[in-house]
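For reference, each letter of the sequence shown is one residue, going 3 to 260 in our numbering.
Heads up, the beta-carbon is just placed ideally off N, CA and C, and yes, glycines get one too.
Step one of this worksheet: look at the structure below.
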Amino acid sequence: AHWGYMTTNGPSTWGKDFPIANGERQSPIDIVTTAAEYDSDVLGSNALSTNYTPESEVKLVNNGHSIMCQITKKGVLTGGPLGKDEYRLEQFHLHWGAEDNRGSEHTVDGKMYASELHLVHWNASKYSSFADAVQKPDGLAVLGIFITPGVACNQFKVISDNCGKLKTSGAEMTVDTTLDPTLLLPSNTSDYWTYLGSLTTPPLFESVTWIVFKEPVEYSKEQLLALRNLVDSDGNHMQDNYRPPAALKQRKVKKTFT
Ligand SMILES: C[C@@H](NC(=O)c1ccc(Cl)c(S(N)(=O)=O)c1)c1ccccc1O
Ligand SMILES: [Zn+2]
């Protein structure tokens with residue numbers, strides 16, 4: 003049966019088809035803030051920097067597990083734990099709950115946010131494509147942004163306003179409007195946790211340098227409701243499409259703030 007988030011095919015069953023589910027560097031994790039190590043050279047050497055070109059049209063896909071925006075413009079992430087390597091923005095997507103008290107994949111001292119936005123990048127300094135990079139230990143970098151209910155996020159409107167037209171799995175559409183991924187980031191992009199992990203969805207490859215911002219961004223109740231009305235590949239409401247935290251094992255989480 004296809005993997006998903008239901009009792010019959012959810013995260014606790016993924017190890018059957020994807021044995022790496024019990025690997026040494028799986029994601030997400032619970033971020034224990036007191037155990038994270040301040041690492042000045044992560045901060046010192048060169049600050050994390052994003053240089054995204056705004057999309058001139060927005061390509062949205064209901065991939066049966068999430069709503070995904072495919073990026074066509076050149077967008078570069080570098081610095082911080084990535085050093086000099088340039089990682090190119092490939093897509094972004096989200097994970098969310100059926101209610102506001104759950105939905106994020108990473109947790110902070112056990113606290114779950116209502117949703118989590120993932121901007122997925124691949125190492126264009128070392129590999130030729132996302133597909134080439136996806137299985138390499140330094141192949142991917144993902145920005146994790148916590149979402150909390152509050153005021154509407156204007157830049158996210160192009161996605162939340164079109165969820166109704168992307169109801170079923172496989173639905174795709176191109177919206178003729180601009181979108182600047184920079185405006186999906188929190189205002190403070192200096193304070194983050196970073197650690198070596200994996201894709202949080204099958205095939206769970208251990209190829210991701212995670213960068214999780216401390217500051218959440220706000221989406222309105224209506225924007226969160228729009229996500230919950232999507233339908234997944236089994237015809238159920240796409241809700242609770244988050245993997246719970248995996249074991250930290252022998253890893254250290256670094257932080258850029260004191
Ligand atoms: C659900 C979707 N997964 C991704 O596209 C995905 C890719 C890379 C990363 Cl790094 C992540 S994540 N969540 O770790 O940021 C998620 C998916 C998976 C398999 C087949 C089809 C499909 O659409
Ligand atoms: Zn994700």
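Your pair K223 and P139 does not check out as a contact, with CB atoms roughly 40 Å apart and the cut at 8 Å. A residue is called buried when at least 16 other Cβ atoms come within 10 angstroms of its Cβ; H239 does not meet this threshold and is exposed. Residue environment for H4: exposed (fewer than 16 other C-beta atoms within 10 angstroms of its C-beta). Within the stretch 163-249, the complete beta strand (DSSP E) segments at least 3 residues long are 174-177, 194-199, 210-215, 219-221, listed from N- to C-terminus. A135 is not bridged by DSSP to any residue. The criterion of a C-beta distance shorter than 8 Å is satisfied by S209 and Q137. Shortest gap from the CB of H123 to any heavy atom of ligand 2: 7 Å or more.
Within the model, the alpha-carbon separation for L250 versus V153 is close to 34 Å. DSSP places P30 outside both helix and strand once states are collapsed to three, so it counts as coil.
Here the stretch 168-177 does not lie against the stretch 211-225, with fewer than 3 beta-carbon pairs under 8 Å apart. The residues A143, T211, in chain order, have a CB closer than 7 Å to that of L84 in the same chain once the five nearest residues on each side in sequence are set aside.
Just measuring C-alpha positions, the residue of T180, T258, Y244, P246 sitting nearest K61 is T180.
Under the three-pair Cβ rule at 8 Å, the stretch 25-34 counts as touching the stretch 96-109. Beta-bridge partners of L119 (DSSP): L96, I147. Short note on N24: C-beta not closer than 7 Å to any heavy atom of ligand 1.
A distance below 6 Å between beta-carbons, with the five flanking residues on each side excluded, links L145 to the following residues of its chain, in chain order: L121, I213.
Linking F20 to F207 through their CA atoms gives a straight-line distance of about 9 Å.
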